[in-house]
Amino acid sequence: MTARILDGKALAATIREEIRDEVSRFVEQRGVQPCLAAVLVGEDPASQVYVRNKQRACERAGIASQLHRLAETCGEDELLQLVAELNADPAVHGMLVQLPLPAQIRAEKVLVAVDPAKDVDAFHPENVGRLVQGRPRFLPCTPHGVQQLLVRESIEIAGAHVVIVGRSDIVGKPLANMLVQRGAGGDATVTLCHSRTRELADVTRSADILIAAIGRARFITADMIKPGATVIDVGINRTDDGLVGDVDFEAALAVAGAITPVPGGVGPLTIAMLLHNTLAAAGALI
Ligand code: GUN
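Numbered per the numbering used here, the sequence shown spans residues 431 to 716.
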């Protein structure tokens with residue numbers, strides 16, 4: 431058996447075209463261009479690439495983008511001041527502070543300072559709470575991308591056993607909450623695994639949908655996958671062989687029923703969902 435490849439790149443292109451059309455209608459009707467402000471602190475090479483890709487995607491969708499850069503050595507107060515200015519600027523609809531932040535800055539202080547109505551990453555505690563309660567304002571971008579991929583590829587979520595490996599605030603925890611909600615795109619039975627999970631391979635082998643979000647190259651091996659399962663790889667790990675996911679892709683191909691590649695799987699969907707949230711923040715959706 432060879433798994434069906436879930437082409438996240440192609441799906442992201444489709445979603446981005448849909449958003450471009452919605453942006454164009456919104457601008458025509460309301461005379462306002464949606465605008466995303468990105469804040470980048472320091473020189474982290476990966477963060478610089480991510481932010482550049484987000485800006486380029488905005489431009490292509492007809493969304494205005496701003497980049498605000500602060501030095502690696504900047505203080506928490508300086509960053510909080512910038513966030514306050516962007517909160518107060520009516521021309522800015524969505525805002526994100528790229529993570530990770532330098533050690534002298536407490537990320538939780540910064541994320542709570544972002545106006546929840548502009549919080550297109552959905553990292554603010556108010557937005558996390560709303561998500562858990564099943565009445566989200568914004569869905570966090572990577573989990574939303576994973577959910578869209580499953581829904582649009584017609585992979586049955588309702589009643590499925592979804593096993594997520596990795597309990598991060600950005601992916602594992604919100605995704606578990608989303609997939610367990612009542613209704614479309616939810617109704618799964620979710621198991622959230624982490625570094626202290628006992629007999630991990632036994633748990634992952636019971637998954638109809640296995641989602642790897644741990645940040646360790648090729649951590650999920652073929653023997654951890656149930657034959658025919660859907661495997662979603664959220665990992666992006668830089669190795670001597672280049673970018674690889676959290677799943678041993680070549681070996682998994684022979685066992686899984688469907689699988690996302692890295693690159694070209696979940697990654698492109700994250701940016702597409704950021705555009706969706708920016709348009710929603712401008713008032714065009716929801
Ligand atoms: N760093 C890694 N992923 C993300 C993300 O989704 N948003 C932000 N702001 N920073 C990140």
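For each residue, glycine too, the CB sits at the ideal point set by N, CA and C.
What number of angstroms, rounded off, separates the C-alpha of residue i from the C-alpha of residue j?
| i | j | result |
| --- | --- | --- |
| S625 | I662 | 19 Å |
| D451 | N483 | 20 Å |
| T627 | V633 | 9 Å |
| F553 | A618 | 23 Å |
| L500 | A521 | 21 Å |
| F456 | V550 | 18 Å |
| F649 | E515 | 42 Å |
| I415 | T708 | Examination of residue 415 is not possible in this model, given that the chain is present from 431 through 716 alone. |
| V453 | L526 | 19 Å |
| E506 | E458 | 39 Å |
| V469 | A487 | 16 Å |
| S477 | T503 | 16 Å |
Span of the beta strand (DSSP E) holding residue i?
| i | result |
| --- | --- |
| A518 | Counting along the chain, A518 falls outside any beta strand (DSSP E), though it belongs to the alpha helix (DSSP H) covering 506–518. |
| G524 | 524–527 |
| T660 | 660–663 |
| I641 | 639–642 |
| Q563 | Looking at the DSSP string, Q563 is not in any beta strand (DSSP E), and its letter there is neither H nor E. |
| S495 | 494–500 |
For a test of the three-state rule: what should DSSP assign to residue i, helix, strand or coil?
| i | result |
| --- | --- |
| I445 | helix |
| L466 | strand |
| V592 | strand |
| T690 | coil |
| Q577 | helix |
| I716 | Because the pLDDT of I716 is 41, which lies under 50, any placement of that residue in the model is unreliable, and the number read from its coordinates should be weighed accordingly. If DSSP states are grouped into helix, strand and coil, I716 belongs with coil. |
| H554 | coil |
| I650 | strand |
| T669 | strand |
| R536 | coil |
Assuming the contact rule is C-beta atoms closer than 8 Å, residue i and residue j should be a hit. Round their C-beta distance to whole Å, please.
| i | j | result |
| --- | --- | --- |
| G575 | M703 | 5 Å |
| C623 | V595 | 5 Å |
| A652 | A681 | 4 Å |
| P698 | A442 | 4 Å |
| V692 | V674 | 6 Å |
| G524 | L466 | 5 Å |
Looking at the secondary structure, which residues open and close the alpha helix (DSSP H) in which residue i lies?
| i | result |
| --- | --- |
| A631 | 630–634 |
| T432 | Premise fails: T432 is in no alpha helix (DSSP H) and is neither H nor E. |
| G697 | 696–711 |
For this session: Entirely within the stretch 593–627 and at least 4 residues each: give me those alpha helix (DSSP H) ranges in chain order.
Result: Whole alpha helix (DSSP H) segments, 4+ residues: 602–610.
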